[in-house]
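Under numbering that gives the first Met the number 0, the letters of the sequence shown match residues 0 to 61, in that order. Cβ coordinates follow ideal geometry from the N, Cα and C atoms, glycine included. It should be emphasised that the depicted structure is a prediction, and the values quoted were computed from it without experimental measurement.
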Amino acid sequence: MCASAQRDSGAAHLHWLEEIPGPGDLSSPAPTTARELILAELLMTEMTGVDIFFALRTSHET
């Protein structure tokens, strides 16, 4: 029974974790093709170890 704090308009509200709803179904309503799965796996493999925030920050500085 842990609790988490939430701020609304400066007022703090305490909620028990059991009261916080889950995110629901986050999957796409469209079917995923085999090609999309291959491309997603390739992207995840290539992005391993890349600090995306650092990459975005430096790309805007140039």
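In whole angstroms, what separates the C-alpha of Glu35 from that of Pro28? Sequence index remark: in the sequence shown, residue 35 carries index 36 (1-based). Sequence index remark: in the sequence shown, residue 28 carries index 29 (1-based). Each residue's alpha carbon lies about 14 Å from the other.
- request: Determine the extent of the alpha helix (DSSP H) in which Glu45 is found, giving its start and end residues.
  value: Walking along the sequence shown from the start, residue 45 turns up at place 46. Counting along the chain, the alpha helix (DSSP H) containing Glu45 begins and ends at 33-46.
Alpha carbon to alpha carbon, what distance is there between Gly23 and Leu38? Within the sequence shown, numbered from 1, the residue matching residue 38 stands at position 39. Within the sequence shown, numbered from 1, the residue matching residue 23 stands at position 24. Whole-angstrom Cα-Cα distance: 25 Å.
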